[in-house]
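Colleague: For what it's worth, the working numbering labels the leading residue of the sequence shown as 1, then goes sequentially. After the structure tokens below, expect a handful of questions from me.
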Amino acid sequence: MGETDRVGQAIDLRGTPIRATRLAAAIRDPADSLVIAPQPTPVYDHLEPIRPGMEFDCRVALAAAGRSLGLESPHATAIARLERRIESIDLETPNLRAARRRAAEAGTDVAALEEQVARTSGRVNARQEADLPVEELEERLAALTRELTEAETEAIAAREALSRAESEAAAARDDRADRLSLVDRRENRRRAAREWFLDVLAGPFERALQGLPIGAEPAPPSDYTGPSQEAALAIARIADLAAPVVLVDGPFEIPVTARAGLDAPVILARV
1 MGETDRVGQA
11 IDLRGTPIRA
21 TRLAAAIRDP
31 ADSLVIAPQP
41 TPVYDHLEPI
51 RPGMEFDCRV
61 ALAAAGRSLG
71 LESPHATAIA
81 RLERRIESID
91 LETPNLRAAR
101 RRAAEAGTDV
111 AALEEQVART
121 SGRVNARQEA
131 DLPVEELEER
141 LAALTRELTE
151 AETEAIAARE
161 ALSRAESEAA
171 AARDDRADRL
181 SLVDRRENRR
191 RAAREWFLDV
201 LAGPFERALQ
211 GLPIGAEPAP
221 PSDYTGPSQE
231 AALAIARIAD
241 LAAPVVLVDG
251 PFEIPVTARA
261 GLDAPVILAR
271 V
């Protein structure tokens, strides 16, 4: 950070031009040398940076906090199994429009050649009956007949390709329906997992609120109605973040008290 280089687990950068969002992004990016720190656990995604009025889903963040502590809900295996099944479904849809166009064009070509063959054959017969030379017409008829045979072969192939594409499209529709059903089941399991974490971590969450210098009334997460920033601070206190927490306008005047209050490395920053 050049002239503002800081080292330690309790850092105050409020007097620098570096914004909190920039710091949080640098912490998440191992290639960014602005902040050199351990890579954050997934719960960090819900806590970057912690600031007044932040958008915050307490249930989702609490579940991530529980997983950072090594907790696993009874639904984890089922969720992983559903994820694998969802990922195994190929949603690629065959190009029916192209297959239909090919079949239609092939059919048109066959019809046109059949007409030419019939017309040329009629002219050959008429000239034979009139005892007139037919060599050139017979050569033309033979060439048209070869073209017709090739066109008929292409038409058969086009119809077969269209039939396959239609079958694949029907199977793709079934796959999409199956995938939607699996996604619904996975989301139900995820909700159940969040409820499990909500119950298991209710006590730690309430105690974390009690241990912070904030105005929110301590309550289990299911009953919590206070500011999102204070809920985020409570979750930061109980989670294993690995990386520094970036705080904006929090209840801590100095970084050392923030470090002690959250039991985690802290960077105080400006908006």
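Cβ coordinates follow ideal geometry from the N, Cα and C atoms, glycine included.
Any idea what DSSP makes of Val248, helix, strand or coil?
Modeller: Note: Val248 maps to strand in three-state DSSP.
Colleague: So, with DSSP's three-state summary, where would you put Asp12?
Modeller: Of the three classes helix, strand and coil, the one that applies to Asp12 here is strand, per DSSP.
Colleague: Go through its chain and collect everything with a Cβ distance to Val183's Cβ below 7 Å, but skip five positions before and after it.
Modeller: Closer than 7 Å at Cβ, skipping near neighbours: Ile86.
Colleague: When we look at the beta-carbon of Glu253 and count the other beta-carbons within 10 Å, is it buried (16 or more) or exposed?
Modeller: Exposed, since its Cβ has fewer than 16 Cβ neighbours within 10 Å.
Colleague: For my contact list, Arg102 and Val271 are in at a C-beta cut-off of 8 Å; report their separation, rounded to the angstrom.
Modeller: With 8 Å as the limit, Arg102 and Val271 do not qualify as a contact, their Cβ atoms being about 60 Å apart.
Colleague: So for Ala24, helix, strand or coil by DSSP?
Modeller: Reduced to three states, the DSSP call for Ala24 is helix.
Colleague: Given this structure, state the Cα-to-Cα distance separating Ala118 from Ala98, to the nearest angstrom.
Modeller: The straight-line gap from Cα to Cα measures roughly 30 Å.
Colleague: Determine whether the beta carbon atoms of Leu148 and Glu114 lie at a separation below 8 Å.
Modeller: Yes, these two residues count as a Cβ contact at 8 Å.
Colleague: Which whole-angstrom value describes the C-beta separation of Arg59 and Tyr44, a residue pair presumed to lie in contact below a C-beta threshold of 8 Å?
Modeller: Not quite, the Cβ-Cβ distance comes to about 17 Å (not below 8 Å), so this is no contact.
Colleague: Where Pro265 and Ala242 are concerned, what is the direct C-alpha to C-alpha distance, given to the nearest angstrom?
Modeller: Straight-line Cα distance between these residues: approximately 8 Å.
Colleague: Would you be able to state if there are at least three C-beta pairs under 8 Å between the region 49 to 58 and the region 231 to 242?
Modeller: Result yes; three or more Cβ-Cβ pairs closer than 8 Å.
Colleague: Have a look at Arg295 and Gly211 and give me their C-alpha separation to the nearest angstrom.
Modeller: Outside the displayed span of the chain (1 to 271) sits residue 295, for which this structure offers no information.
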